[in-house]
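As C-alpha cells, the structure follows; a few thoughts come after it.
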Amino acid sequence: MSLRGSLDMLMYAHTNRIARARFGVVSAADAASGLVKVRLQPENTETGWICDTACSVGSVTLYAPSAIGTHVLVETAQGDGDNYVVVARVFDATSPPPEFAALGDKKLTAGQVGIQSGSTEFVMTNSGISMIGDVSIQGDVTVSGRVTAKDEVTAAGIALTSHVHGGVKSGPDTTSGPQ
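The numbering of the sequence shown is the working numbering, which starts it at 309 and goes up by one.
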C-alpha cells in the first residue's frame with residue numbers, strides 16, 4: 309500500500325472516531341440487562357455491549373427490548389466514537405411502520421398512538437381506544453358509563469343471558485338467586 313493510501317486509512321479511522329450520531333442494526337441483544345450490540349452503518353462494524361433505549365426507567369419503567377435486526381440511531385455518550393448508546397429505533401425502507409388491525413389494517417397517522425406485540429394491539433385515537441387481544445385485570449374496575457358486550461357476560465360462574473332462577477311463583481313473591 310502506498311504512503312498516501314496508508315494516510316487516507318488513518319485519516320478515515322480518525323474522523324470515524326469523532327462523536328456523531330450513527331444509524332445501525334441491532335446484532336445481539338441481552339434484554340435482561342438492557343444491553344445490545346449494534347452494527348454501525350455503512351461500515352458494518354459492531355459495537356461492544358451498549359445501553360438500549362427506554363422511554364422511562366426508575367420508579368416508572370416503559371421498556372420494550374430491541375430485537376435483533378431492529379434499525380436504531382446511536383449517539384456517543386462520552387464525546388468519542390467508542391461509547392455509544394441507542395437513542396431511538398427508526399423506521400426505514402426495509403423496516404416500515406406496521407399496519408394495525410384495530411385501524412382496519414391501516415398505518416397510524418399523526419395524533420394516534422399504537423402498541424403492537426404479535427397479534428395483540430392497543431390503539432388510541434381522538435375517538436377512543438381500541439384493543440385486540442385478551443385482557444387480564446387483577447384489581448377493581450369502575451365504569452361510569454354503559455358496558456356493552458357482544459358475547460356472553462359471566463360473573464362468579466353465572467352466565468348473564470342463560471342463567472335460571474329457582475322458586476319462580478306468580479304474584480309478588482321473589483325468586484331465589486341466579487344459578
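Note that the Cβ used here is the ideal one computed from N, Cα and C, for glycine as well. The structure displayed is predicted, hence computed values, not measured ones.
Hey, out of the options, whose CA is closest to residue i's CA?
i	options	result
Gln349	Val461, His379, Leu411	His379
Ser435	Thr428, Gly419, Ser364	Gly419
Cys363	Thr417, Thr353, Ser374, Gly356	Ser374
Val431	Val344, Pro486, Val333, Leu416	Leu416
Could you spell out where the beta strand (DSSP E) holding residue i opens and where it closes?
i	result
Gly436	436 to 440
Ala336	330 to 338
Met432	428 to 433
Gly422	421 to 425
Val472	Careful: Val472 lies outside any beta strand (DSSP E) and carries neither H nor E.
Tyr392	392 to 397
Thr384	379 to 384
Lys345	343 to 348
Closer than 6 Å by C-beta to residue i: which residues in its own chain qualify, once you throw out the five before and the five after it? Chain order, please.
i	result
Gly475	Thr483, Ser484
Pro406	Gln424
Thinking residue i and residue j are a contact (beta carbons under 8 Å), I'd like their distance in whole angstroms, please.
i	j	result
Val329	Val382	Val is not the amino acid found at residue 329; the sequence shown has Ala there. Confirmed, about 7 Å.
Gly332	Val346	4 Å
Ala410	Ile440	5 Å
Excluding the 5 residues flanking residue i on each side, which residues of the same chain have their C-beta closer than 7 Å to its C-beta?
i	result
Asn391	Thr384, Ala385
Gly377	Val333, Val334
Val393	Ile358, Cys359, Val382, Glu383, Ala385
So is residue i buried or exposed if we call it buried at 16+ other beta carbons inside 10 Å?
i	result
Phe399	exposed
Thr450	exposed
Val455	exposed
Thr369	exposed
Thr355	buried
Which residues in the same chain as residue i place their Cβ atom closer than 8 Å to its Cβ, once the five residues preceding and following it in sequence are excluded?
i	result
Glu429	Phe408, Ala409, Ala410, Gly422, Ile423, Ser438, Met439, Ile440, Gly441
Leu343	Ala337, Trp357, Ile358, Cys359, Asp360
Ser427	Ala409, Ile440, Gly441
His473	Thr483, Ser484, Gly485, Pro486, Gln487
Ser460	Note on identity: in this sequence residue 460 is Glu, with Ser being the wrong assignment. Once the five neighbours on either side are set aside, the close Cβ partners of Glu460 are Ala467, Leu468, Thr469, Ser470.
Ala251	Outside the shown range of the chain (309 to 487) lies residue 251, about which nothing can therefore be said.
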